[in-house]
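Chains as they are written, first to last, in the working numbering: chain A, 38 to 150; chain B, 2 to 129.
All C-beta atoms in this analysis are idealised placements derived from N, C-alpha and C, irrespective of residue type, glycine included.
Since this is a predicted model, take the numbers as computed values, not measurements.
Data block below; observations after.
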């Protein structure tokens, strides 16, 4: 069982917007603004698409956006495209004084209908 | 352009030790503003952080794996290493190495970024 909870699947039609939730606790998402999101196509390594809750790395489409409220982070994909069909993983810092810990969500499969 | 390449045995017997290496090319492995990590993904499942190692040599490990994991960095060979002891079928996974940026002030890490550069991964199966 993963430390962060994501829906197993989300689907949408081309052009629509979808949102993926990632629920944690006061020990991770609720305390740290160190939430990131990865996109992973089958057989490929994960690709960082959001860091620091809502920042996009250079080269990542502005159709991807992130936010956080309390213990829940969200990834929104606007103008859904066929190439967005992939698995999406949330990732949060969960450390404390003197120790580091990172936790992932279980992943969400996005299907473009 | 920094590239990471994992390598390992592919198949390990139960109760034995899994040993993986990650070769870093196209950039430095010894800069203090980066740290390195290992992440794994069992078949059909989500990602799991295994641990991280800093320029200082200090390591941090997933509490659930801590007693079985050793992570190290060899700057002369530009490689990372992962050792996982007493493996079981539950350790069957694709293993990735990755790099992330950090900020260190007076030897204390004050900010960490998530992993932004990943290797392609190496598959390890645990079976007799």
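- Your pair residue 141 of chain A and residue 49 of chain B checks out as a contact, with CB atoms roughly 6 Å apart and the cut at 8 Å.
- Counted as a single uninterrupted DSSP element, the beta strand (DSSP E) harbouring residue 80 of chain B occupies residues 80–85.
- Excluding the 5 residues flanking it on each side, residue 52 of chain A has same chain C-beta neighbours closer than 7 Å at 116 and 117, in chain order.
- In the structure shown, residue 137 of chain A adopts coil according to DSSP, grouped into three states.
- For the C-beta of residue 50 of chain B, the chain A residues within less than 9 Å are, from N- to C-terminus, 128, 138, 139, 140 and 141.
- In the structure shown, the three-state DSSP call for residue 124 of chain A is strand.
- Between residue 14 of chain B and residue 129 of chain B, the C-beta gap is smaller than 8 Å, which places the two residues in contact.
- Per DSSP, the beta bridge partners of residue 145 of chain A are A:125.
- Think of a sphere of 9 Å around the beta carbon of residue 88 of chain A: the chain B residues whose beta carbon falls inside it are 114, 115 and 117, in chain order.
- A direct Cα-Cα distance of roughly 40 Å separates residue 50 of chain A from residue 11 of chain B.
- By the Cβ neighbour-count rule, residue 63 of chain A is exposed, with fewer than 16 other Cβ atoms within 10 Å of its own.
- Inter-residue distance for residue 92 of chain B and residue 120 of chain B is about 19 Å (C-alpha atoms, whole angstroms).
- Per DSSP, the unbroken beta strand (DSSP E) holding residue 38 of chain B starts and ends at 35–42.
- No Cβ-Cβ contact shorter than 8 Å links residue 61 of chain B with residue 32 of chain B.
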